[in-house]
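The sequence shown stops at residue 139 when you use this note's numbering, and every number in between is there.
C-beta atoms are modelled at their ideal positions from N, C-alpha and C, and glycine is treated no differently.
Structure, as structure tokens:
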Amino acid sequence: MFCPITHITPAGNGLVETSGMDLCSAVGAVSHLLEKSSHWHGTTGKAVKDKLEGVLSKNPGWSSVVQIAKILQGEDSSWDSPYSPKEISTFKFLLTVSCDVERSFSALKGILSDRRHCFTPDNLERVIVIQYNM
Numbered sequence: 006m007f008c009p010i011t012h013i014t015p016a017g018n019g020l021v022e023t024s025g026m027d028l029c030s031a032v033g034a035v036s037h038l039l040e041k042s043s044h045w046h047g048t049t050g051k052a053v054k055d056k057l058e059g060v061l062s063k064n065p066g067w068s069s070v071v072q073i074a075k076i077l078q079g080e081d082s083s084w085d086s087p088y089s090p091k092e093i094s095t096f097k098f099l100l101t102v103s104c105d106v107e108r109s110f111s112a113l114k115g116i117l118s119d120r121r122h123c124f125t126p127d128n129l130e131r132v133i134v135i136q137y138n139m
């Protein structure tokens, strides 16, 4: 029986789960996995490929993330984005791995407490930058 997951190179498989990866690298890793999935055969290969494509197609933000990654890489400048150039540049370090996201929630729980009612977006951005650099 052919298992497509074992047919992926270990480096390529682990790349999707790498902590601290920037957005362009993460999108590239998933795109590479999608390309490899076209070569998976048999019922298991087809099931895994269909699941991967199904998950991505049901995610409404995936196409936006791909477009933002293209903008960040300089491959696409024609996309009519609702984001400013400054906001798009912040997407470069969007957390893409669940452990990174959970770690950021832990770090931000003190900042976003119920006692913090008067935070302006600018002050919040400053505090997050200070917390990140500590």
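Query - Cβ contact check for the stretch 51-63 and the stretch 90-101: 3 or more pairs under 8 Å - result: No: the two stretches stay apart, fewer than three of their Cβ pairs being nearer than 8 Å.
Query raised in the report: What are the start and end residues of the alpha helix (DSSP H) that includes I73?
Result: Residue range W67 to L77 is occupied by the alpha helix (DSSP H) that includes I73.
Requested in this report: Mind reading off the beta-carbon distance from V71 to V132? Whole number of angstroms is fine, and I expect it under 8 Å.
Outcome: Cβ atoms of V71 and V132 stay farther apart than 8 Å, at about 31 Å.
Query raised in the report: Nearest to Y88 by alpha carbon, out of S69, E40, S62 and S109?
Result: When only C-alpha atoms are compared, the closest one is S69.
Query - 8 Å CB neighbourhood of L77 in its chain, flanking five on each side removed - result: Excluding residues within five positions, the ones whose Cβ falls inside 8 Å are L28, C29, I93, S94, F96 and K97.
Report task. Run through the stretch 24-50 for me and flag every whole alpha helix (DSSP H) of 4 or more residues, listed as ranges in chain order. Result -> Fully enclosed alpha helix (DSSP H) runs of no fewer than 4 residues occupy 28-42 of the stretch 24-50, in order along the chain.
**Report entry** Cα-Cα separation, H46 to A52
**Finding:** Note on geometry: alpha-carbon atoms of H46 and A52 lie some 9 Å from one another.
Report task. Would you mind reading off the limits of the alpha helix (DSSP H) that contains E80? Result -> From DSSP, E80 is part of no alpha helix (DSSP H); its letter is neither H nor E.
Report task. Output the distance between the C-alpha atoms of T49 and S42, rounded to the nearest integer angstrom. Result -> Taking the Cα positions, T49 is about 11 Å away from S42.
Query - Chain-order list of residues whose beta-carbon lies under 8 Å from that of D81 (same chain, five-residue window excluded) - result: Cβ neighbours of D81 beyond the five flanking positions: Q72 and K75.
**Report entry** Given S62 as reference, the closest of K91, K114 and V35 once Cα atoms are compared
**Finding:** For S62, the nearest C-alpha among the options comes from V35.
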